[in-house]
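Q: Let me give you the structure first, and then I'll get to my questions.
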Amino acid sequence: MKRHLNTSYRLVWNHITGTLVVASELARSRGKGAGVAVALSLAAVTSVPALAADTVVQAGETVSGGTLTNHDNQIVFGTVNGMTISTGLEYGPDNEANTGGQWVQDGGTANKTTVTSGGLQRVNPGGSVSDTVISAGGGQSLQGRAVNTTLNGGEQWMHEGAIATGTVINDKGWQVVKPGTVATDTVVNTGAEGGPDAENGDTGQFVRGDAVRTTINKNGRQIVRTEGTANTTVVYAGGDQTVYGHALDTTLNGGYQYVHNGGTASDTVVNSDGWQIVKNGGVAGNTTVNQKGRLQVDAGGTATNVTLKQGGALVTSTAATVTGINRLGAFSVVEGKADNVVLENGGRLDVLTGHTATNTRVDDGGTLDVRNGGAATTVSIGNGGVLLADSGAAVSGTRSDGKAFRIGGGQADALMLGKGSSFTLNAGDTATDTTVNGGLFTARGGTLAGTTTLNNGAILTLSGKTVNNDTLTIREGDALLQGGSLTGNGSVEKSGSGTLTVSNTTLTQKAVNLNEGTLTLNDSTVTTDVIAQRGTALKLTGSTVLNGAIDPTNVTLAS
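The sequence shown begins at 1 in full-length UniProt numbering and counts up by one.
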């Protein structure tokens, strides 16, 4: 909102002489001589014909209605109601060189003012205004008090000593709360249109002073700079609070709070669909995460005295610092060691290389990601829990069915990979008795031992040469075997009514037993005998080559 209009004069109050001084050095366009200053007593200002457009409302006087245009000034010591201001921003927004518009002085009051594009309402110390509506291109420079200002694309600049109560910031409006000022009961409806934590320019609420009891609605954003403080803020879904300074007693009712490097957040309550994100160098204390709320602590971030209620989510890694209590008791993530962490409803713990986790509970919607070289012991995976690992990690614990599993030393035993889970078998390593129930199993070479089971949308992705000398079985639903090559003296067993699709794979096995359902071979080279039961179907698509016998010969063939 940059405005550069030519001003015609400057009207300045001289505190020493008790007079108004009109400096007309830029007044040639209005027919006045340049470089002339005239001292006028307050009583005489409104009676001078040359200054008929420059009015003073005396103490005790009430004026209603009117419009200020073309560099007019209205100096208010009394009361003005219903004025429209369309001038005053000759030098652009929040510029002390601006001289036109309405000046509300010590003891003066202006009510129900409308400020349009190019208009300026200046409220000096001791002045007060109420129910001002400021449109795009207009502004209010505040050193006194303002109540119930509405910014419909307009701007409110609060200078030291200013107090603003009940400001409503609508589409592309901007409230600047400078040091030494207080904004209370503000409603923010703009600022976040560019997406979460994005820099959207001069919109929303910008806090370098104190903001108290702010409500941030959908598309609203409050930015709390280093020297600023926000107290008792409520953030609803679609709104967010960005903190570089201090935020106290924030409630996230579906909204987001971003705590940046150097920022602090104390006593935040994260309710359903709310999200507190503590970034590298940010600090959060005494956060409470209720059901379906989420606390994310990035690497280098710190959150202490956290209360994680049942159904709340913690998202972090062993490179962060997090302490608090959950439904199992005290938990911690400190200096690369995580203990007693509960993961559910979108919660996630990344155990990085060289770091450890003990006593981790992974329930429905939770994810434990153990990187190559990381270690997690005494892991308990419940129904809907997700494990991400490879054979270079060390992981041990119990599956959702209560059976023990283990990954370590290049060997994986009795893994069960549910939907969303993923395990990577590295070249030279072995996976024994792996069950994939809708998850992803990637073999970059290595050996499949025992019974490998694919169920319910499971995917086995091969990269390089993988050996199977035992049994690969498909029991329930559909499954996909893709890429690479599967060799060895083992067999493939297909049961259930679903479809096993072998795609872009070189498959060399002793036999494929098609007991139920459909086997689809797509763009693959298959060297095996297919033993099919009556009622099953074998489909060959693309450039598939099948080398081997089909028994019986009356199996349904399709291409």
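The beta carbon of each residue, even a glycine, is placed where N, CA and C say it ideally should be.
These figures come from a predicted structure and were not determined experimentally.
Report the residue ranges of all beta strand (DSSP E) runs contained in full by the region 408 to 486; include only those spanning at least 3 residues, in chain order.
A: 411 to 413, 422 to 425, 430 to 432, 435 to 437, 440 to 443, 447 to 449, 451 to 455, 458 to 462, 465 to 468, 471 to 474 and 479 to 482, all fully within the region 408 to 486.
Q: Rank Ala558, Gly483, Pro552 and Ser491 by C-alpha distance to the C-alpha of Thr520 and give the top, closest one.
A: Of the listed residues, the one whose Cα sits closest to Thr520 is Ala558.
Q: In whole angstroms, give me the CA-to-CA distance for Gln121 and Thr268.
A: The alpha-carbon atoms of Gln121 and Thr268 are separated by roughly 37 Å.
Q: Tell me whether Asp94 is buried or exposed, calling it buried when 16 or more other Cβ atoms sit within 10 Å of its Cβ.
A: Burial call: buried.
Q: Cα separation between Asn437 and Leu538?
A: Looking at the two C-alpha atoms, the distance is approximately 24 Å.
Q: Identify which residue in Met83, Thr287 and Gly92 has its Cα closest to the Cα of Val115.
A: For Val115, the nearest C-alpha among the options comes from Met83.
Q: Determine the DSSP secondary structure at Val555, reduced to helix, strand or coil.
A: The answer is coil: DSSP assigns Val555 none of H, G, I, E or B.
Q: Would you report the Cα separation of Asp429 and Leu368, rounded to the nearest angstrom?
A: When rounded, the distance between both Cα atoms is 22 Å.
Q: Gly107: which of Ile75, Thr447 and Leu448 sits nearest, CA to CA?
A: Ranking Ile75, Thr447 and Leu448 by Cα distance to Gly107 puts Ile75 first.
Q: Mind listing, in chain order, the continuous beta strand (DSSP E) runs of no fewer than 3 residues lying wholly within the region 157 to 201?
A: With a minimum length of 3 residues, the continuous beta strand (DSSP E) runs that stay inside the region 157 to 201 are 163 to 165, 174 to 177 and 182 to 184.
Q: Are the beta-carbon atoms of Val502 and Leu481 separated by less than 7 Å?
A: Going by C-beta atoms, Val502 is nearer than 7 Å to Leu481.
Q: What do you reckon, are the CB atoms on Val243 and Asn231 nearer than 7 Å?
A: No, the pair does not count as a contact, with Cβ atoms beyond the cut-off.
Q: With a CB to CB cut of under 7 Å and the five nearest residues on each side skipped, what residues in its chain are close to Asp72?
A: Cβ neighbours of Asp72 beyond the five flanking positions: Ala53, Asp54, Thr87 and Gly100.
Q: Can you give me the C-alpha to C-alpha distance between Ala511 and Asp413, rounded to a whole angstrom?
A: Spanning the two alpha carbons is a distance of roughly 25 Å.
Q: Just how far apart, CA to CA, sit Gln143 and Asp210?
A: Whole-angstrom Cα-Cα distance: 15 Å.
Q: Excluding sequence positions up to five away, which residues of its chain have a Cβ less than 6 Å from the Cβ of Thr67?
A: Excluding residues within five positions, the ones whose Cβ falls inside 6 Å are Thr84.
Q: Determine the direct distance from the alpha carbon of Thr506 to that of Asn359, and round the result to whole angstroms.
A: In a straight line, the C-alpha of Asn359 is about 42 Å away from that of Thr506.
Q: To the nearest angstrom, report how far apart Lys337 and Thr353 are at their CA atoms.
A: Looking at the two C-alpha atoms, the distance is approximately 11 Å.
Q: Excluding sequence positions up to five away, which residues of its chain have a Cβ less than 7 Å from the Cβ of Thr487?
A: Closer than 7 Å at the Cβ level, and outside the excluded window around Thr487, lie Lys465, Val467 and Thr508.
Q: Does DSSP classify Gln276 as helix, strand or coil?
A: Correct three-state label for Gln276: strand.
Q: Find the nearest neighbour of Ser380 within the set Asn372, Gly397 and Val370, judged by alpha-carbon distance.
A: The option with the nearest alpha carbon to Ser380 is Gly397.
Q: Rank Asp363, Met416, Val351 and Leu417 by C-alpha distance to the C-alpha of Ala393 and give the top, closest one.
A: Nearest C-alpha to Ala393: Val351.
Q: Taking C-alpha atoms, which residue in Asn111, Ile134 and Ser130 lies nearest to Gly119?
A: Nearest option by C-alpha distance: Ile134.
Q: Taking the alpha-carbon positions, what's the Asn286 to Ala313 distance?
A: Each residue's alpha carbon lies about 15 Å from the other.
Q: Which residue from Gly477, Asn513 and Gly254 puts its Cα closest to that of Arg534?
A: Among Gly477, Asn513 and Gly254, the Cα nearest to that of Arg534 is on Asn513.
Q: If I follow the unbroken beta strand (DSSP E) through Glu493, where does it start and stop?
A: Residues Ser491 to Lys494.
Q: Using 10 angstroms around the beta-carbon of Thr288, count the other beta-carbons present and answer buried if the total reaches 16, otherwise exposed.
A: It is buried - the Cβ of Thr288 has at least 16 other Cβ atoms within 10 Å.
Q: In the DSSP assignment, what are the bridge partners of Lys309?
A: Note: Lys309 sits in no beta bridge, so no partner.
Q: In angstroms with no decimal places, state the Cα-to-Cα distance between Lys172 and Gly204.
A: Between Lys172 and Gly204, the C-alpha separation is close to 7 Å.
Q: Quickly, what does DSSP pair Lys112 with across the bridge? List them, please.
A: Answer by DSSP bridge pairing: none, since Lys112 is not bridged.
Q: Are Val334 and Thr321 touching if we call contact CB-CB under 7 Å?
A: Cβ distance < 7 Å, so Val334 and Thr321 count as in contact.
Q: Whole angstroms are fine: how far does the CA of Gly385 sit from the CA of Arg399?
A: Rounded to whole angstroms, Arg399 to Gly385 spans 9 Å at the Cα level.
Q: Per DSSP, which residues does Phe77 bridge with? Please list them.
A: DSSP output for Phe77 lists no bridge partner at all.
Q: Need the endpoints of the beta strand (DSSP E) that Lys403 sits in, please.
A: That residue, Lys403, is in no beta strand (DSSP E); it is neither H nor E in DSSP.
Q: Hey, how far is the Cα of Asp401 from the Cα of Asp551?
A: When rounded, the distance between both Cα atoms is 38 Å.
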